[in-house]
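Start counting the sequence shown at 1; every next residue gets the next number (UniProt numbering).
Beta carbons are placed, not taken as given, at the ideal position from N, Cα and C, and that holds for glycine.
One structure is given here, and the rest of the page talks about it.
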Amino acid sequence: MASAGYLIYCGIMPLLKTFIAIYVGYFLGKKGLFNAEASKGASQVSMNVSLPALIFANVVPAFTSKNISALGPLFLTAFSYLSFGFIFGYIIREIFYVPRNFWQGIVILCGMSNWGNLPNAIVQAVMQEAPFNPDTDPALGVSFVSIFIVSYHLVFWVGGAARSLAWDYLPGVPQGAEAERRYAWYEKPIGGFIARRILRLEVVQPQAAGDKEKEREEIDDLEANLEACLQVEQPELPVVEEDHTYETDPDIQLARRTSRLSVASQKSRRPSVLGGASSSLPQLPATPPPSVLHPSEHASVHGNVSYFARLKKTLRPLSAAVTPITTSLAISLPIALITDLKALFVDTTDQGGPNWHGPDGNPPLNFVYVSAQFIGDIAVPLSLILLGASFARMEIPRPLSRLPIMAMFAAALAKMALLPVIGVFLVQGMVKGGLISRESLAERFVAMFLSGTPAAVNQLIVSSLYSTTGDVDTLSAFLFVQYVVMFFSSAYVDRS
Numbered sequence: 001m002a003s004a005g006y007l008i009y010c011g012i013m014p015l016l017k018t019f020i021a022i023y024v025g026y027f028l029g030k031k032g033l034f035n036a037e038a039s040k041g042a043s044q045v046s047m048n049v050s051l052p053a054l055i056f057a058n059v060v061p062a063f064t065s066k067n068i069s070a071l072g073p074l075f076l077t078a079f080s081y082l083s084f085g086f087i088f089g090y091i092i093r094e095i096f097y098v099p100r101n102f103w104q105g106i107v108i109l110c111g112m113s114n115w116g117n118l119p120n121a122i123v124q125a126v127m128q129e130a131p132f133n134p135d136t137d138p139a140l141g142v143s144f145v146s147i148f149i150v151s152y153h154l155v156f157w158v159g160g161a162a163r164s165l166a167w168d169y170l171p172g173v174p175q176g177a178e179a180e181r182r183y184a185w186y187e188k189p190i191g192g193f194i195a196r197r198i199l200r201l202e203v204v205q206p207q208a209a210g211d212k213e214k215e216r217e218e219i220d221d222l223e224a225n226l227e228a229c230l231q232v233e234q235p236e237l238p239v240v241e242e243d244h245t246y247e248t249d250p251d252i253q254l255a256r257r258t259s260r261l262s263v264a265s266q267k268s269r270r271p272s273v274l275g276g277a278s279s280s281l282p283q284l285p286a287t288p289p290p291s292v293l294h295p296s297e298h299a300s301v302h303g304n305v306s307y308f309a310r311l312k313k314t315l316r317p318l319s320a321a322v323t324p325i326t327t328s329l330a331i332s333l334p335i336a337l338i339t340d341l342k343a344l345f346v347d348t349t350d351q352g353g354p355n356w357h358g359p360d361g362n363p364p365l366n367f368v369y370v371s372a373q374f375i376g377d378i379a380v381p382l383s384l385i386l387l388g389a390s391f392a393r394m395e396i397p398r399p400l401s402r403l404p405i406m407a408m409f410a411a412a413l414a415k416m417a418l419l420p421v422i423g424v425f426l427v428q429g430m431v432k433g434g435l436i437s438r439e440s441l442a443e444r445f446v447a448m449f450l451s452g453t454p455a456a457v458n459q460l461i462v463s464s465l466y467s468t469t470g471d472v473d474t475l476s477a478f479l480f481v482q483y484v485v486m487f488f489s490s491a492y493v494d495r496s
């Protein structure tokens, strides 16, 4: 029987190059050689170019009619992990101290995991070693990880998880030092529901200091604005965004496509109705210009416009599902499953497909596959460097006593220890039930390993967008603890 030291060594060594790449990014970030602007450009390349190319290059040769049955169990596994994570988040929020402006953030942090480039890097590294087949399993593993990536996109962007992060920054939610007040169990959402509906207790929601004064100021501002609006009708002014720093970030583009948030709203918790108006504005005519349309025609045009506006508003969340990653998967899966189409890109003679080849002896469209493979090779190291650089820019609140220490360790324990144990039992149950083949080592490993990944860094970006002050230090502290724990938990899952 192998010793414990040998098992630890074999579990850590395949991951060592992964953490070295993360440290390189951290070092560059600390030295100022890989700043935020460089990270945004690199993330554009990673999310929109290299990762879709990597998925295409791995899905096309890896998926066949024999292993396509893995899609169902992997989707089921992914959504099970998400559900367990959200439940853990609600429990931690109700039991432990969590700042008021992080009540929804803790739920999303526990539910959504980093199922992007990081697991791809680790899966590729681990599957180069025994007992995996280094010729086929790395590509197959990346293909399986892509199923989890699609599940993540569906829940985070389309399902509304990203939009729900705005709940922590709504008007009336205390920020800064006021958010650090500790609440009794019956003052929290689930505890309050139990106290009111089940225990029939009289629960008086306390009002934070200064809330009454803020409400009075808001009412005064609203009355002044309404009075000014009655006196003169202002023309509709274009919204000028003052901060274009993150304008091209892919995650922020998705967040804006699924919400009504504007950057201008971050500058003030109480925007004025007449904000930005001045005496130099052109005066409106006293009477509106005569309409050239007949009243019935005008009503018809207005009805059509409102219909298309409602339709666009309804379909807007669904547009978040159309990303380069999901598009790459949607294109590569049919190519991988239709043998005649697959033969245009890769050799399929071993699968009974046609032997089509060009003058160079390769399939006619093999250059597309080779190019995607070449571009996709930069995805893994680049993503790890990006992750390390993001750690270098994190700002941990001082003093540490301000942090929700118990909630931080509880979240790390739930995601990095408890959920992996559940994942191992879940996958073993699927194997016994016949949903996953016992011989499919790559599928079993991916299903187990992705149960123990830390929270997604995308939440840091989206929370920064929604925050009225740009303060996401609490989230940064939670992420830091989880990524430190990941080094040990990944080795455990690897040897499991």
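Item: Using 8 Å as the Cβ pair cut-off and three pairs as the minimum, do the stretch 74–86 and the stretch 433–447 touch?; Value: yes
Item: Sorted by chain position, which residues of the same chain lie with C-beta nearer than 7 Å to Phe19's C-beta, five sequence neighbours on each side aside?; Value: Phe487
Item: According to the Cβ coordinates, are Ala139 and Asn58 closer than 7 Å?; Value: yes
Item: Per DSSP, what kind of secondary structure is Ser46 in: helix, strand or coil?; Value: helix
Item: Contact check, Ser39 vs Ala389 under 8 Å by CB: the rounded distance?; Value: 5 Å
Item: Hey, Leu341 and Ile335 are a contact pair by Cβ (cut 8 Å); roughly how many whole angstroms apart?; Value: 5 Å
Item: Would you call the stretch 453–461 and the stretch 88–98 touching, i.e. three or more CB-CB distances under 8 Å?; Value: no
Item: Give the straight-line distance between the Cα atoms of Tyr23 and Leu384, rounded to the nearest whole angstrom.; Value: 9 Å
Item: According to DSSP, which residues form a beta bridge with Ser113?; Value: Ala455
Item: When the distance is taken between beta carbons, is Met406 closer than 7 Å to Phe96?; Value: yes
Item: Can residue 502 and Ile375 be called in contact, C-beta distance under 7 Å?; Value: Since the first residue shown for the chain is 1 and the last is 496, residue 502 is missing from the structure and cannot be characterised.
Item: List the whole-angstrom C-beta distance separating Trp356 from Ala343, where the pair is believed to meet the contact cut-off of C-beta under 8 Å.; Value: 5 Å
Item: Closer than 8 Å is the cut-off here; do at least three beta carbon pairs connect the stretch 473–482 with the stretch 96–110?; Value: yes
Item: Could you pull the start and end residues of the alpha helix (DSSP H) that Ser332 belongs to?; Value: 324–337
Item: Contact between the stretch 404–424 and the stretch 146–164 is defined here as three or more beta-carbon pairs at a separation below 8 Å; is this criterion met?; Value: no
Item: Just checking my contact of Ile147 with Ile325 at CB under 8 Å: how many whole Å lie between their CB atoms?; Value: Actually they do not touch by this definition, with Cβ atoms about 11 Å apart.
Item: Roughly how many angstroms separate the alpha carbons of Gly85 and Cys110, rounded to a whole number?; Value: 5 Å
Item: Quick one: grab the DSSP three-state call for Met408.; Value: helix
Item: DSSP three-state call for Met448: helix, strand or coil?; Value: helix
Item: So the candidates are Thr323, Gly32, Thr136; which of them puts its Cα closest to the Cα of Leu441?; Value: Thr136
Item: Would DSSP call Pro381 helix, strand or coil?; Value: helix
Item: What's the C-alpha gap between Ser43 and Val380?; Value: 12 Å
Item: Beta-carbon within less than 6 Å of Ser451's beta-carbon, same chain only, minus the 5 sequence neighbours each way: which residues are those?; Value: Tyr81, Leu419, Pro420, Gly423
Item: Around the Cβ of Asp350, are there at least 16 other Cβ atoms within 10 angstroms (buried) or fewer (exposed)?; Value: exposed
Item: Which full runs of the alpha helix (DSSP H) of 4+ residues lie inside the stretch 12–72, going along the chain?; Value: 36–45, 51–62
Item: Identify the continuous alpha helix (DSSP H) that holds Leu140 and give its terminal residues.; Value: 137–153
Item: What residue from Leu201, Val45, Asp168, Leu15 has the CA that sits closest to Glu129's CA?; Value: Leu15
Item: Specify the secondary structure class of Asn101 as computed by DSSP and reduced to three states.; Value: helix
Item: Determine the direct distance from the alpha carbon of Gly32 to that of Tyr152, and round the result to whole angstroms.; Value: 32 Å
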